[in-house]
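Taken in order, these protein sequences are the chains called A and B. Terminal number for the first sequence in our numbering: 493, no gaps in between. Terminal number for the second sequence in our numbering: 493, no gaps in between. Glycine residues also receive a C-beta, built at the ideal position from the N, C-alpha and C atoms.
Number of protein chains: 2
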Amino acid sequence: MSLEEPVTAQIPETKRKRGQGVGAVYETLRHEILNLTLQPGSPVDEVKLAERFGISRTPVREAMVKLAGEGLVVTLPNRFTIVAPIDFPNLSQFFDALSLMYRVTTRLAAANRTEEDLVAIRELQRGYTQAVEARDVPAMIEVNRNFHVRIAQAGRNRYYTDLFARLLDEGRRLLRLYYSSHNDALPRMYLQEHEDMIAAIDRQDIDAADRIAQAHAQQIVRQIQTYITEDRRLNADISL
Amino acid sequence: MSLEEPVTAQIPETKRKRGQGVGAVYETLRHEILNLTLQPGSPVDEVKLAERFGISRTPVREAMVKLAGEGLVVTLPNRFTIVAPIDFPNLSQFFDALSLMYRVTTRLAAANRTEEDLVAIRELQRGYTQAVEARDVPAMIEVNRNFHVRIAQAGRNRYYTDLFARLLDEGRRLLRLYYSSHNDALPRMYLQEHEDMIAAIDRQDIDAADRIAQAHAQQIVRQIQTYITEDRRLNADISL
DNA sequence: AGAATATTTATTGTCGACAATGAAAATACA
DNA sequence: TGTATTTTCATTGTCGACAATAAATATTCT
Chain A
254 MSLEEPVTAQ
264 IPETKRKRGQ
274 GVGAVYETLR
284 HEILNLTLQP
294 GSPVDEVKLA
304 ERFGISRTPV
314 REAMVKLAGE
324 GLVVTLPNRF
334 TIVAPIDFPN
344 LSQFFDALSL
354 MYRVTTRLAA
364 ANRTEEDLVA
374 IRELQRGYTQ
384 AVEARDVPAM
394 IEVNRNFHVR
404 IAQAGRNRYY
414 TDLFARLLDE
424 GRRLLRLYYS
434 SHNDALPRMY
444 LQEHEDMIAA
454 IDRQDIDAAD
464 RIAQAHAQQI
474 VRQIQTYITE
484 DRRLNADISL
Chain B
254 MSLEEPVTAQ
264 IPETKRKRGQ
274 GVGAVYETLR
284 HEILNLTLQP
294 GSPVDEVKLA
304 ERFGISRTPV
314 REAMVKLAGE
324 GLVVTLPNRF
334 TIVAPIDFPN
344 LSQFFDALSL
354 MYRVTTRLAA
364 ANRTEEDLVA
374 IRELQRGYTQ
384 AVEARDVPAM
394 IEVNRNFHVR
404 IAQAGRNRYY
414 TDLFARLLDE
424 GRRLLRLYYS
434 SHNDALPRMY
444 LQEHEDMIAA
454 IDRQDIDAAD
464 RIAQAHAQQI
474 VRQIQTYITE
484 DRRLNADISL
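Given below as structure tokens:
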């Protein structure tokens, strides 16, 4: 609970081009929110952001509207804007949708993947392996997300890809919350599941892809739920 | 192809309150886009909109960012903004996602519906019946959309409801394109399917709900595809 | 005349300023 | 001292103005 903002000194640097301002604010805020650099529920100050990026409030506001549209930020009219809180009460909705998207996108990938898709997917899997070996938790979370989004893209359905990406991003915040506080046995397990998934996609085995995706999703959901339950217990102890 | 904009005289009327401007522009544009009052691909002029609503360009722009975020409008940087074209080449993606959402939301509705949900759903079905009897095509399209969104809400999963609503909205434009040019036998058929759907949801028969939703989706998809094929033939004839 | 270059024009993206809003602080009242 | 009322304050939503951009048009040159 920091009263002081962790103002990551972003030098106004060389004068930005027309249209670069909104994009910069949007991208930066997005990453800081998903990495939990910005705490859920913490206020987002337009004026400070404008100063930080060396631009006026107008483009900052447009970036906020975009972020609000994606649910990353919540605007209290005439009051202020906060980083979207994590919606714990409705997590089951989230898990349900996430599981379905895992299945659907992996199925479609098995059906529609090209050779280039496979190359890109394997490349990301290599990156994931490296992150696991280096015990680099932030990298693992990020690469894992990109790995699954890339599979979804191989499935070639924009609607699924978009929703899945959004869900995985929301999941990034959850993983960040709980991942580092536990051992790294889990990520290693995912590694093998990912390999199986790639193999099924490679040989275009739709049913196998579906099964593996479903198991993978259940694995992750169960794990996060365990984390949360333990967390609840800890908090309960403290509050006693 | 009208060079002149159909400037629906929107009187600046009584001075709007703080925050009402963006909302008004957003809602109005949204409806005009979905009703095809604004042709897909036609330019959206910030200045004209500002004049039309009696506000400055700043709130108009924020409304545009929101609309762009939902894919209803496409912004060409430094150039102009157009009403999002209908993506005919990728319609199969759309149909796939639409069908899945029909199934998932109807299933969940059967599982989770309350008595109030049923009351609201039946009320909308009554409205649909009236629209069919009155041969009021725009009303039919609108009420049909609300009927299915309400069922999705009864399923209680925000992620599905949001995606489904978006898909149904996109579908509204397609239906508008083709509906009125054909007889009204089809809507009457949907009427019975809707009744079956409500019955399944009422008795919490998840499998039946799924089956009916799937059939309903296939029905609609096939119909639109037929429309499009006929349309293609017509256009081909003309271009010969 | 036709291509290359310069000029005009329309429209966007951004800015600094100001008024509306709602909360917090200060004051009055009991 | 505790509650109601007023004042201050921080921050938003909106405005009008201006500069950057890229297309359209005019101009020059061969």
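Buried or exposed: which applies to residue i, given that a residue is buried once 16 or more other Cβ atoms fall within 10 Å of its Cβ?
| i | result |
| --- | --- |
| A:P330 | exposed |
| B:F341 | exposed |
| A:V372 | exposed |
| B:A316 | buried |
| B:M450 | buried |
| A:G274 | buried |
| A:P440 | buried |
| A:D370 | buried |
| A:D349 | buried |
| B:T261 | Residue confidence is low: B:T261 scores 45 on pLDDT, short of 50, so the model does not pin down where it sits. Its coordinate-derived value is still stated next. With fewer than 16 other Cβ atoms within 10 Å, it is exposed. |
Is there at least one Cβ from chain A nearer than 7 Å to residue i's Cβ?
| i | result |
| --- | --- |
| B:E423 | no |
| B:N410 | yes |
| B:L325 | no |
| B:P312 | no |
| B:L428 | no |
| B:N346 | Reading off the sequence, residue 346 of chain B comes out as Gln, not Asn. Yes, B:Q346 lies at the interface with chain A (some Cβ there is under 7 Å from its Cβ). |
Do the CB positions of residue i and residue j come within less than 7 Å of each other?
| i | j | result |
| --- | --- | --- |
| A:A362 | A:I454 | yes |
| B:G322 | A:K319 | yes |
| A:T334 | A:V297 | yes |
| A:I459 | A:L427 | no |
| A:L416 | B:L430 | no |
| A:G425 | A:I394 | A small correction: the amino acid at residue 425 of chain A is Arg; Gly does not occupy that position in the sequence shown. In this structure, A:I394 lies closer than 7 Å to A:R425 by Cβ. |
| B:M354 | B:L444 | no |
| B:A384 | B:V396 | yes |
| B:G380 | B:P338 | no |
| B:Y432 | B:V390 | yes |
Reducing DSSP to helix, strand and coil, say where residue i ends up.
| i | result |
| --- | --- |
| A:P330 | coil |
| B:P296 | strand |
| A:I308 | coil |
| A:I477 | helix |
| A:I339 | coil |
| A:G272 | coil |
| A:D291 | Note that residue 291 of chain A is Leu in the sequence shown here, rather than Asp. Of the three classes helix, strand and coil, the one that applies to A:L291 here is coil, per DSSP. |
| A:L325 | coil |
| A:N365 | helix |
| B:D349 | helix |
| A:D370 | helix |
| A:V360 | Note on identity: in this sequence residue 360 of chain A is Arg, with Val being the wrong assignment. DSSP places A:R360 in helix when its eight states are reduced to three. |
| B:R379 | helix |
| B:R456 | coil |
| B:R388 | coil |
Less than 7 Å between CB atoms is the rule here; does residue i satisfy it with respect to chain B?
| i | result |
| --- | --- |
| A:Q471 | no |
| A:K301 | no |
| A:K319 | yes |
| A:D349 | yes |
| A:P338 | no |
| A:G322 | yes |
| A:E280 | no |
Measure the C-alpha to C-alpha separation of residue i and residue j and round it to an integer number of angstroms.
| i | j | result |
| --- | --- | --- |
| B:K301 | B:R356 | 42 Å |
| B:D422 | A:G408 | 23 Å |
| B:G276 | A:R366 | 42 Å |
| B:Q263 | B:T281 | Because the pLDDT at B:Q263 is just 49, under 50, the model does not fix this residue reliably, and the point stays unresolved. |
| B:D463 | B:S352 | 11 Å |
| A:I308 | A:E299 | 11 Å |
| A:Q471 | B:T290 | 46 Å |
| A:A303 | B:T311 | 17 Å |
| B:I481 | A:A452 | 38 Å |
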